[in-house]
DNA sequence: TCTGTTTGTTTAAACGTTTAAACAGTTTAA
DNA sequence: TTAAACTGTTTAAACGTTTAAACAAACAGA
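Protein chains in written order, with the working numbering: chain A, 1 to 334; chain B, 335 to 668.
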């Protein structure tokens, strides 16, 4: 079962391979004889010819594939994003190669090199901590590139993100309006700007009111299962009456602790999550959370990327999308 | 910022491009002058040369990439599998291109063609309903291929799956041992063999005991949100005291219904799930489930695929892995 | 001195496409 | 009648690698 080549089609149709190529690519249609064209199309059909993508790409210097490096593809946030980006790319005739850095900078760098070796036409990146110079270097090499979720304020690179500061600010206002007096904030110990913005927004909001206080606990990403329980225990000890989880993984670890210790929400302590997960469905009470517009983010990222691919001289564009504060996940459709 | 080519390196080192290629690929090491080799390596380093993957692949007729088509990448089962397969491929120096058929056969076919056009070296497929002839055709074309999760008993293709029948059989035995008398089974209305095996195993198990009865409800995949509530309502009406959800999506939809109607588990009705999800963490009582050995499945699939890629004449190998019945997800690590 | 071997390197074809340029034959315009 | 323009098709170079084969120089054995 040999591979069918352009040459085989040409032979069968009794023409040169150039003719087959022209017909297949719809070029010189005004010049080519209708009968010949039809003969070629028939041969293509009969032999079930499929062009070799590698050869095409090599010649055209375009692979019609995009790369997406997620922060952690096992995380719902990433996988849903991947799904949307994949669909968008697909619709435009592009394939998507997905990688997961697992928040490791060396791994991130390796993946980028892999993708570039494979000559992807553009990159969508959820960049891990400390990867700013790396991103800068890519930009200097004029590689079409869009950051998603995370971004570096000192870098002028196209990006899609949400209003982390405002979202947190508003969420805390809501908690205070609900009468919470002492708010605990859980965040990663990180330099990632978007996460710190979440904390800053929360703090600024709480500072406005002098009857409410807060305490902020930093968690090492790789020690979630140890440090989150400790932090929550400490908070509860301090009389915290609301906890703000600034990421979904922190939230899940936190809720697991609360459940294991029979601490009920919102009666004993109330909670607020950044990001939505299916797990909320299984908790007996509504759990309010900040929803990111995943679909819009993915679509916008692909859109910005295509823009750049079409015109490398275009200036960077930072797109900031609005989040929404959702009171409950339950009973939405029943 | 022009791309650095083999030619540029050769020029810089004052040798032919063949020499550079030989040095880079570690060939003819006994012949090549040590100094020349070093000079070439220096030039490679200084110019930061990266080989063009397309050109390499075209020449070598090998792309060092695998394709994985998931049933639904937004489903935890698929995304975790993707993660494992991706890691395994990565370790072997292969990239993974991921697609999601969303259980649609036409989409599945399109994805396969895309992947083959891109000359992937092998495929790992979670095949949707009715795709048996398609798989057969691929096999006839001698395309290295491993089925995962789903398989077709009438086809002799390499596959990795779990003991669906036995898992269900044992799970039902456990429910009966716990005193359940009337068991409801929820399954998709499908011809997918692995799902039907789950039902068959359950039925065979229950039939053994004449004091226990069961009823089985078939759900249309695209109407889950309507049909699952209806089925559960009907079951409860019939006095069912245990429900077996044969897939995680069915389980989640089912639990959402139970929660919205304040029906508690296991006091009012007990449950059993095929597949594990993070959502179980958030339910106040332990929820028993059948666990599939995801990591083993992914690893085995990659292993079988590599085997085939290395020797196309090898016979198909069906690998059936053992599941485990887990009583509770909670308190495992605290 | 001649032949054969070893060492170090280059030449050139190949992988499967795309496409500018060339070509031959026919028609049109002056 | 001759040149210009058009029609339909082919030729051949290019994309960036790999690698078999050829080559040249140095050396060894007779």
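Note that the Cβ used here is the ideal one computed from N, Cα and C, for glycine as well.
Note that the coordinates shown come from a computational prediction; the quantities given were computed from them, not determined experimentally.
Note down, in chain order, every chain B residue with its Cβ under 8 Å from the Cβ of residue i.
| i | result |
| --- | --- |
| residue 42 of chain A | Under the 8 Å cutoff, chain B gives no residues; its nearest Cβ is about 20 Å from residue 42 of chain A. |
| residue 57 of chain A | 388 |
| residue 245 of chain A | Here the premise fails: no neighbours, minimum Cβ distance about 13 Å. |
| residue 63 of chain A | 388 |
Does any C-beta atom of chain A lie closer than 7 Å to the C-beta of residue i?
| i | result |
| --- | --- |
| residue 411 of chain B | no |
| residue 289 of chain B | This structure leaves residue 289 of chain B out entirely; chain B is present only between 335 and 668. |
| residue 417 of chain B | yes |
Counting only Cβ pairs nearer than 8 Å, list the residues of chain A close to residue i.
| i | result |
| --- | --- |
| residue 612 of chain B | 252, 277, 278 and 279 |
| residue 448 of chain B | 95 |
| residue 420 of chain B | 73, 98, 99 and 100 |
Does residue i come within less than 7 Å of chain B when only Cβ atoms are used?
| i | result |
| --- | --- |
| residue 117 of chain A | yes |
| residue 97 of chain A | yes |
| residue 21 of chain A | no |
| residue 92 of chain A | no |
| residue 37 of chain A | no |
| residue 73 of chain A | yes |
| residue 334 of chain A | The predicted model places residue 334 of chain A with a pLDDT of 35, which falls under 50 and marks its position as unreliable; any figure quoted below should be read in that light. True, the Cβ-Cβ gap to chain B drops below 7 Å. |
Just to make sure I have the definition right: I need the residues of chain A whose C-beta is within less than 9 Å of the C-beta of residue i. Which are they?
| i | result |
| --- | --- |
| residue 385 of chain B | 117 |
| residue 589 of chain B | 281 and 282 |
| residue 593 of chain B | 281, 282, 283, 284 and 330 |
Looking only at DSSP bridge pairs, what is residue i linked to?
| i | result |
| --- | --- |
| residue 400 of chain B | B:430 and B:456 |
| residue 32 of chain A | According to DSSP, which records beta bridges pairwise, residue 32 of chain A is partnered with nothing at all. |
| residue 296 of chain B | As shown, chain B starts at 335 and ends at 668. That puts residue 296 of chain B outside it, with no answer to give. |
| residue 146 of chain A | A:124 |
| residue 326 of chain A | A:289 |
Mind checking residue i: buried by the 16 CB within 10 Å criterion, or exposed?
| i | result |
| --- | --- |
| residue 582 of chain B | buried |
| residue 67 of chain A | buried |
| residue 320 of chain A | exposed |
| residue 437 of chain B | buried |
| residue 559 of chain B | exposed |
| residue 301 of chain A | buried |
| residue 343 of chain A | Outside the modelled stretch of chain A, which goes from 1 to 334, sits residue 343 of chain A, for which no answer is possible. |
| residue 701 of chain B | Outside the shown range of chain B (335 to 668) lies residue 701 of chain B, about which nothing can therefore be said. |
| residue 207 of chain A | exposed |
| residue 656 of chain B | exposed |
| residue 434 of chain B | buried |
| residue 474 of chain B | exposed |
| residue 7 of chain A | exposed |
| residue 334 of chain A | Residue confidence for residue 334 of chain A is low, a pLDDT of 35 falling below 50, so the modelled location carries little weight and cannot support an answer. |
Check the Cβ of residue i against every Cβ in chain B and list those closer than 9 Å, keeping chain order.
| i | result |
| --- | --- |
| residue 271 of chain A | Those do not exist, as residue 271 of chain A stays about 12 Å from chain B at its closest Cβ, beyond 9 Å. |
| residue 267 of chain A | Correct list: empty, because the minimum Cβ distance to chain B is about 13 Å. |
Determine the chain A residues that contact residue i at a beta-carbon separation under 7 Å, and present them in chain order.
| i | result |
| --- | --- |
| residue 414 of chain B | 74 |
*asked:* Runs of 3 residues minimum, wholly inside the stretch 183-231 of chain A: which ones carry the beta strand (DSSP E) assignment?
replied: Secondary structure within the stretch 183-231 of chain A: the beta strand (DSSP E) runs of 3 or more consecutive residues, fully enclosed, are 213-219 (chain order).
*Kindly provide the ranges of any alpha helix (DSSP H) runs that are 4 or more residues long and lie completely inside the stretch 484-519 of chain B, ordered along the chain.*
You should have 498-511.
*asked:* At 3 residues or longer, what runs of the beta strand (DSSP E) sit wholly inside the stretch 240-295 of chain A?
replied: As for any beta strand (DSSP E) of minimum length 3 sitting wholly inside the stretch 240-295 of chain A, the runs are 242-245, 270-274 and 289-291, ordered along the chain.
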